[in-house]
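First the structure, in the form of structure tokens, and then the observations on it.
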């Protein structure tokens, strides 16, 4: 499997790719620049929505607009105008933190976690925004809140706190979103860097992006075993998700944040959006936020 560059947009910190099957767009964010990018696979045109703050993650709402986890909290983003309507800021008292990765669960609630901007302590938390726009804190003492995924039977939630080099699983209560029985599902070898974003395929295998590891790898979360690895031309691989009409194209984001001039000369494509076409594995469309208001 060979990754290709999708378009010539280079991000400082690309993250959170998601496929919009209705508009045939692959969407992703540049966290530090406050951009939402939309690439049409039909017209091969790029649209960029400028948000006036760092944006860690977004999801598509049932009305076609976005819900986002931003520097100043949760908010709706109008995809036509870029207008932001803030919902809540659960960390107004922690200006040194920002939101990072996030995703909707199978029941249309938005999960997103925070991290210290300086990446110097474990001051982050994991939050749950329900469809009535109520916020709950679900986990604390997180270093770099990252990938989320739910098992095929929706009974397990997987989560990554990158510095731990682990993918953990929780028993997941679908009614309340309650987490219980935390355990290690996958342990990442030190030479493989740090786990970042992830997605799940039709066989229940987890695809994990490796920051500092030059790869995306497929794991069995039951055994913890690595099933395959896709070598990438960039070191800082940030996230991945499936898209395309068949849901077999694997889209992969990357970053150039913090790389030296010498490192960038060796990996000039750092920050690009990549795709592995016809991967031979099938994923799922991203869950939408089912806002009731």
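In the working numbering, the protein residues as written are 3 to 295.
Even for Gly, the Cβ is constructed at its ideal location relative to N, Cα and C.
- Item | Pick from 276, 54, 216 that is closest to residue 74, judged by C-alpha positions | In the chain shown, the residue the question calls residue 74 occupies position 72. Looking from the CA of residue 74, the closest CA among 276, 54, 216 belongs to 54.
- When the Cα atoms are used, what is the spatial distance from residue 242 to residue 18? The sequence position of residue 242 within the chain shown is 240, counting from 1. The sequence position of residue 18 within the chain shown is 16, counting from 1. In this structure, the alpha-carbon of residue 242 lies about 7 Å from that of residue 18.
- Item | Nearest-angstrom beta carbon gap, residue 273 and residue 258 [assumed within contact, 8 Å] | Your numbering for residue 258 matches position 256 in the chain shown. Your numbering for residue 273 matches position 271 in the chain shown. That pair is a contact at about 4 Å.
- Thinking just about the alpha-carbon of each residue, which of 280, 120, 8, 220 is nearest to the one in residue 247? Sequence index remark: in the chain shown, residue 247 carries index 245 (1-based). For the residues 280, 120, 8, 220, the minimum Cα distance to residue 247 belongs to 280.
- Task: Flag this pair as yes or no: are the beta carbons of residue 292 and residue 110 separated by less than 7 Å?
- Result: Against the chain shown, residue 292 aligns to sequence position 290. Against the chain shown, residue 110 aligns to sequence position 108. Taking the C-beta atoms as reference points, residue 110 is found nearer than 7 Å to residue 292.
- Message: How far does the alpha helix (DSSP H) with residue 265 in it extend, from its first residue to its last?
- Response: What you label residue 265 is simply residue 263 of the chain shown in a count that begins at 1. Following the DSSP letters along the chain, one finds residue 265 inside the alpha helix (DSSP H) bounded by residues 263 to 268.
- Residue ranges of each beta strand (DSSP E) run of no fewer than 3 residues wholly in the segment 66 to 107, ordered along the chain? With a minimum length of 3 residues, the continuous beta strand (DSSP E) runs that stay inside the segment 66 to 107 are 68 to 72, 75 to 79, 86 to 90, 99 to 106.
- Query: When you compare only the Cα positions, how much space is there between residue 66 and residue 29?
  - Reply: Taking the chain shown and counting its residues from 1, the one referred to as residue 66 is at position 64. Taking the chain shown and counting its residues from 1, the one referred to as residue 29 is at position 27. Rounded to whole angstroms, residue 66 to residue 29 spans 12 Å at the Cα level.
- Below 6 Å CB to CB, which residues in the same chain sit around residue 135 once its five sequence neighbours on both sides are set aside? Here residue 135 corresponds to residue number 133 of the chain shown, with the count starting at 1. 89, listed in sequence order.
- Message: How far does the beta strand (DSSP E) with residue 144 in it extend, from its first residue to its last?
- Response: To locate residue 144, count along the chain shown from 1; it is residue 142. Start and end: 137 to 144.
- Task: Let me know the secondary structure DSSP gives residue 225 once reduced to three states.
- Result: On the chain shown, position 223 is the one that residue 225 refers to. Coil, per DSSP.
- Message: Can you tell me whether residue 184 is buried or exposed? The criterion is at least 16 other CB atoms within 10 Å of its CB, across all chains shown.
- Response: Along the chain shown, read from residue 1 onward, the residue named residue 184 stands at position 182. It counts as exposed.
- Message: Which residue wins for smallest C-alpha separation from residue 124, given the options 22, 98, 277?
- Response: Here residue 124 corresponds to residue number 122 of the chain shown, with the count starting at 1. Here the closest residue by C-alpha is 98.
- Query: Any idea if residue 154 is buried or exposed, counting beta-carbon neighbours within 10 angstroms, 16 or more meaning buried?
  - Reply: Translated into positions along the chain shown, residue 154 becomes position 152. With fewer than 16 other Cβ atoms within 10 Å, it is exposed.
- Is it right to say residue 120 is buried, meaning 16 or more other beta carbons lie within 10 angstroms of its own, or is it exposed? Here residue 120 corresponds to residue number 118 of the chain shown, with the count starting at 1. Burial call: exposed.
- Message: Suppose the cutoff is 7 Å on Cβ atoms and the five residues either side in sequence are ignored; what does the same chain contact list for residue 44 look like?
- Response: The count along the chain shown starts at 1 and reaches residue 44 at position 42. Taken in chain order, the residues that qualify are 26.
- Look up residue 245 in the DSSP assignment and give the residues it is bridged to. Residue numbering aside, residue 245 sits at position 243 when the chain shown is read from its first letter. Per DSSP, 251.
- Query: Mapping DSSP to helix, strand and coil, what is residue 192?
  - Reply: Your numbering for residue 192 matches position 190 in the chain shown. Three-state DSSP puts residue 192 in a helix.
- Task: Look up residue 40 in the DSSP assignment and give the residues it is bridged to.
- Result: In the chain shown, residue 40 corresponds to position 38, counting from 1. For residue 40, the beta-bridge partners assigned by DSSP are 29, 49.
- Task: Inspect the beta-carbon positions of residue 104 and residue 116 and report whether they are closer than 7 Å.
- Result: Taking the first residue of the chain shown as position 1, residue 104 is located at position 102. Taking the first residue of the chain shown as position 1, residue 116 is located at position 114. In this structure, residue 116 does not lie closer than 7 Å to residue 104 by Cβ.
- Query: Where does residue 54 sit, in a helix, a strand or coil, going by DSSP?
  - Reply: Taking the first residue of the chain shown as position 1, residue 54 is located at position 52. Coil.
- residue 281 by DSSP, collapsed to three states: which one? Sequence index remark: in the chain shown, residue 281 carries index 279 (1-based). In the three-state DSSP reduction, residue 281 falls in the coil class, being neither helix nor strand.
- Item | Chain-order list of residues whose beta-carbon lies under 7 Å from that of residue 232 (same chain, five-residue window excluded) | Position 230 of the chain shown holds residue 232. Excluding sequence neighbours, residue 232 sits near 3, 5, 217, 218, 278.
- Query: Terminal residues of the continuous beta strand (DSSP E) containing residue 216?
  - Reply: If you number the chain shown from 1, residue 216 lands on position 214. In the DSSP annotation of this structure, residue 216 is not part of any beta strand (DSSP E), being labelled neither H nor E.
- Item | Paired residues, beta bridge with residue 161 - DSSP | The residue given as residue 161 occupies position 159 in the chain shown. Paired residue(s): 150, 170.
- Message: Quick check: the Cα distance between residue 142 and residue 197, rounded to an integer number of angstroms?
- Response: As a first step, residue 142 must be located in the chain shown, where it is residue number 140. As a first step, residue 197 must be located in the chain shown, where it is residue number 195. The straight-line gap from Cα to Cα measures roughly 19 Å.
- With distances taken from CA atoms, which of 179, 10, 207 is nearest residue 188? Looking up residue 188 in the chain shown gives position 186. Here the closest residue by C-alpha is 207.
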